[in-house]
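Q:
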Amino acid sequence: MPVSRFTSRHRSLTTLLQRGTLGPALFLLATASAQAQLPGAPPTPPKLTIQQTATGFTANSSAESIEVTVCRDSVLHFVSHAVPGSSDVGAKPWILPPAESCPGAHFTVDTTPEAVTLSTSAVHLTLKLADGILTYTLADGTTLLKEGRNLPRTYKPREVNGDNTFEVQARFSPDATEGLYGLGQHQGGVFNYRGNTVELAQNNTDVAIPFLVSTRGYGILWNTAAFSYADNRFPLEFSFTSNAVNAIDYYLILGPEMDQVIHQYRNLTGHTPLLPAWAYGLFQSKDRYISTEEIVSVANRYRAEHIPLDAIVQDWFWWKKEGDPVFNDNYHDVPGDLKKLHDEHIHAMISVWGLFDPTSTNYQQLHAQHFDVPDAHVYDSTNPAARDFYWKNLAGKLLAQGWDAFWLDSAEPEEYWPHLGDAILRDKHIAIGNGMTYTNIFPFLHTLGVQEHWKQDNQQKRVYLLTRSAFLGQQRVGATTWSGDVYSSYWALQHQVPAGLNFAVSGMPYWTTDIGGYHQPDPGKTQFEPGYQDLYARWFEYGAFCPVFRTHGHRDHNEFWTYNRVEPILLKYDKLRYRLMPYLYSLAWRVTNDDYTIQRPLVMDWRTDPKVRDIGDQFMFGPALLVSPVLEQDATKRRLYLPASPMWYDFWTGSTTPGNQYVEADAPLDQLPLYVRAGSILPMGPEIEYTNQKPDAPIELRVYRGADGDFQLYEDTGDTYAYTKGQHAIIPMHWDNAASQLTIGARTGTYPGMVATRKFRVVFVAANHGAGPLESKDADQEVTYSGQSVSVKPR
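Be aware that the sequence shown starts at -2, since it is given in this note's numbering, and climbs by one per residue.
So, in structure tokens, the structure goes:
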């Protein structure tokens, strides 16, 4: 079925204006006699009718139907489909209900013989009538984004899985210098996607999130779960292609800063809950512990050796049959062993899959009720009744035993093991619709179902989920994604850093890796090899500055004492992570309250600096810490970039260096180059072995002079959902550089068990003063704080 397009530039227009006394204006745009076409030129488009609506405008012809909706001043929703063709865009459960996601904003619609322009206070959308090309501009006229010059939107009829549908493509013309980021987590080692093609289809180690962010100050949420591609192979064109949909459907989001773009993304798809405080500590895991008795033994040794730890993990094959909540004969008293862990202030996570043994009782019931994915051994997470079954008959029974978290493995999903799960839904029909149309949706609805049922059953324990895949909206579920079963090699480590940074820019704040990698590349070598121990140390240093801190791998032993050669290094960074807990938990509150991002590629904070556009191996950890992982074998130095700042402090020494320059930093095996931005206020707690061990201990406030700075110290009970009802406290802090004064402001809020009076040990950092991971012996000032504002100056 040929489909003509709005692409001819060889026509004149007659505009007929019809206005009623009530209702929107109606504009009929018709072609006059068109000039002869050049050989090979696109066809002359048919006449087009433009109608203003209460929410934007529509444009209709016999070839295409367009609807533009104003969601907010900085968010426009564009939907177009071929005519004749289906206008049904299908269910989009990742988008919040319209009252939340698209409340509307003031706008105007203006027409001329050349174009129709919709304007909000922040952005203009212009549809040229001669060629149908869309251009988005800022209020000052600056071009933000424009479609390609020929065939900007195409629709190719296809029959997929027995359904009549379309392969659609939207083509844009990127600016010569802009950087493009996001799109989930991918293993190609690419940070800036300029010049690259990305397949958006779930797989182990590859996570598809069709959300793109640009240094030009905009984002595109490609609003489909279909098997898709994002393609910038050609410098003048960037395109989104989806293989089986009825419409082109996307949101254009204006920042200009990436934090603003991500904020609007979360307005559309959901905001992120606060994880339990213990989830920001260390997770100990391996493939695999064979009983809860073994887990208790490992946990006891961590406590006996005073190694900080908050969680330990039971990986797979604890079951008799996968899919049934029945432990094998190695497990004698699971609730009793969990109580022993809890008595040691250690939380327990258990691996639960969406994949079922076909001989299991639960699978037989799933299959009988058609709750499974056809021709796979996976429950259908797109079916609400199947999600109910999964909770009632599997996950919910485990939560009732006392487990604190679920590791929802194989969430792409896998259809059988050891298949890697490469977009398995694409050739199937599932409850929500055609599997090619909903290829990527499984992890979102899988995690959402567990979250919703958990919260119905237990409000006293915040949801914590770990999963191997993600999709649009999953940040609202309280799930962390890990990078999958990657190799234990420097190559793999190098690729994790840009993968995690793009995942963060995709609006997903919680991410982690298997510290040390999962698969040993050489089966003849073990973790006892010196070379591997060095790799493990470097990976551990990096992992300490990921939002979630977790070690795992396919190794017989994976505890600290296994790595005897580098164990002091591991302990150093483990203790540092725990000392940073007041800083990190406060940042977690900003994720929840302000739509903040903790692990931040430099392009987030220095968007207009061309030097950072391709830097995917450094990042900010919150507003203060610049982290530069060491990713080369046997490296003792690393070249890094210090972005614009009056100065940067070396965390280890307190010495200062001006910003906006490259430096060669020392990087012996035990030292990850770590710098602190001038103007930072860095709260550090005492040495602890679990997150809530010493809630009333003094907090060290390190002040890095050279610029003004602010920080808000956040506190609550660390678990339950009482914080959503206002049970939390915030202590604002401000450093006035000109006045050389730190103000610890009046506390707002309260919660049960709050420390009403605490000590702050204020340290004004300088060379060899207030530097390094250990508690400062000599504070510059000690402040007893009872909730009232107090100011401090250096002596």
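In this text, a Cβ means the ideal position worked out from N, Cα and C, and glycines have one as well. A quick note: this is a predicted structure, and the numbers were derived from the prediction, not measured.
1. Can you tell me whether T11 is buried or exposed? The criterion is at least 16 other CB atoms within 10 Å of its CB, across all chains shown.
2. Within this structure, are the beta carbons of V375 and L352 separated by less than 7 Å?
3. If I follow the unbroken alpha helix (DSSP H) through P579, where does it start and stop?
4. Roughly how many angstroms lie between the CA atoms of H344 and L338, to the nearest whole one?
5. When the distance is taken between beta carbons, is A408 closer than 7 Å to S485?
6. With three or more C-beta pairs closer than 8 Å as the rule, is the segment 304 to 313 touching the segment 276 to 288?
7. Classify A29: buried if its beta carbon has 16 or more other beta carbons within 10 angstroms, exposed otherwise.
8. Please state whether DSSP places L209 in a helix, a strand or coil.
9. Given I612, which residues of its chain have a CB within under 8 Å of its CB, disregarding the five upstream and five downstream residues?
10. Among G475, A585, F525, G540, which has the Cα closest to the Cα of G497?
11. I'd like to know if the segment 231 to 239 and the segment 558 to 572 are in contact, where contact means that at least 3 CB-CB pairs between them fall below 8 Å.
12. Closer than 6 Å to a non-hydrogen atom of the ligand COA - does that hold for the CB of I512?
13. Is DSSP giving V187 helix, strand or coil here?
14. If distances are taken between C-alpha atoms only, which option among P273, A274, Y248, L271 comes closest to N264?
15. Counting only the same chain and skipping the five closest in sequence on each side, list residues whose C-beta sits under 7 Å from that of K569.
16. Please list, in chain order, all residues of the same chain as P171 whose beta carbon is under 6 Å from its beta carbon, the five residues on each side excluded.
17. Whose C-beta lies closer than 7 Å to the C-beta of N380 among residues of the same chain, with five residues either side of it excluded?
18. By Cβ distance below 7 Å, which residues in the same chain neighbour V331 in space, the five residues on each side in sequence not counted?
19. Pull up the distance between the alpha-carbon of I245 and that of D591, whole angstroms please.
20. Span of the alpha helix (DSSP H) holding P381?
21. If you reduce the DSSP assignment to three classes, tell me which class D553 lands in.
22. Once the 5 residues before and after Y560 are set aside, which same chain residues still bring their CB inside 7 Å of it?
23. Name the two residues that bound the continuous beta strand (DSSP E) containing R604.
24. Can you tell me whether DSSP reads Y827 as helix, strand or coil?
25. Answer with buried or exposed for D284, where buried requires no fewer than 16 other C-beta atoms within 10 angstroms of its C-beta.
26. Using DSSP bridges, identify the partner residues of G181.
27. Short check: CB of A776 to CB of R758, under 7 Å?
28. Got a sec? Which residues, its chain only, sit under 8 Å from Y413 by beta carbon, not counting five neighbours each side?
29. What does DSSP give as the partner residue(s) for E341 in the beta ladder?
30. If you draw a straight line from the alpha carbon of H725 to that of Y701, how long is it in whole angstroms?
31. Between T18 and the rest of its own chain, which residues show a CB-CB distance below 6 Å, the 5 nearest in sequence each way excluded?
32. Count the other CB atoms within 10 Å of the CB of T781; is the residue buried (16 or more) or exposed (fewer)?
33. Would DSSP call A31 helix, strand or coil?
34. Would DSSP call H756 helix, strand or coil?
35. Less than 6 Å between C-beta atoms, sequence neighbours within five positions excluded: which residues of the same chain meet that for G706?
36. In this structure, how does DSSP classify L25 when only helix, strand and coil are distinguished?
A: Based on what the coordinates show:
1. Caution is warranted here: a pLDDT of 27 is assigned to T11, below 50, making its placement in the model unreliable, and the coordinate value is therefore given only provisionally. T11 is exposed by the Cβ-count criterion.
2. yes
3. Its alpha helix (DSSP H) spans residues 578 to 591.
4. Each residue's alpha carbon lies about 7 Å from the other.
5. no
6. yes
7. For A29, the pLDDT reaches just 29, beneath the cut-off of 50, and the residue's location in the model is therefore unreliable, although a value from the coordinates is still provided. Exposed, since its Cβ has fewer than 16 Cβ neighbours within 10 Å.
8. Of the three classes helix, strand and coil, the one that applies to L209 here is strand, per DSSP.
9. F188, P598, L599, V600, Y638
10. G540
11. no
12. This structure does not include the ligand COA; it has no bound ligands of any sort.
13. coil
14. For N264, the nearest C-alpha among the options comes from Y248.
15. Close CB contacts of K569 within its chain, under the 7 Å cut and outside five residues either way in sequence, are with D667, P770 (chain order).
16. F235
17. F368, A428
18. T289, F324, Q398
19. 31 Å
20. 381 to 387
21. DSSP places D553 outside both helix and strand once states are collapsed to three, so it counts as coil.
22. Q524, Q530, Y533, L567
23. That residue, R604, is in no beta strand (DSSP E); it is neither H nor E in DSSP.
24. Shown here, the chain extends from -2 to 792; a query on residue 827 therefore has no answer.
25. With 16 or more other CB atoms across the displayed protein chains lying within 10 angstroms of its CB, D284 is buried.
26. Answer is A205, bridged to G181.
27. yes
28. L352, A373, H374
29. For E341, which the question treats as bridged, DSSP gives no partner whatsoever.
30. 27 Å
31. Below a pLDDT of 50, predicted positions are generally treated as unreliable, and T18, at 30, falls in that range; the measurement from the model is reported next regardless. Nothing meets the Cβ criterion.
32. exposed
33. Unreliable placement is indicated for A31, whose pLDDT of 32 sits below 50; no coordinate value is reported for it.
34. Looking at the sequence shown, residue 756 is not His but Lys. Correct three-state label for K756: strand.
35. Contacts found: G676, S677, I678, W732.
36. Here L25 scores only 29 on pLDDT, less than 50, and its place in the model is too uncertain to base an answer on.
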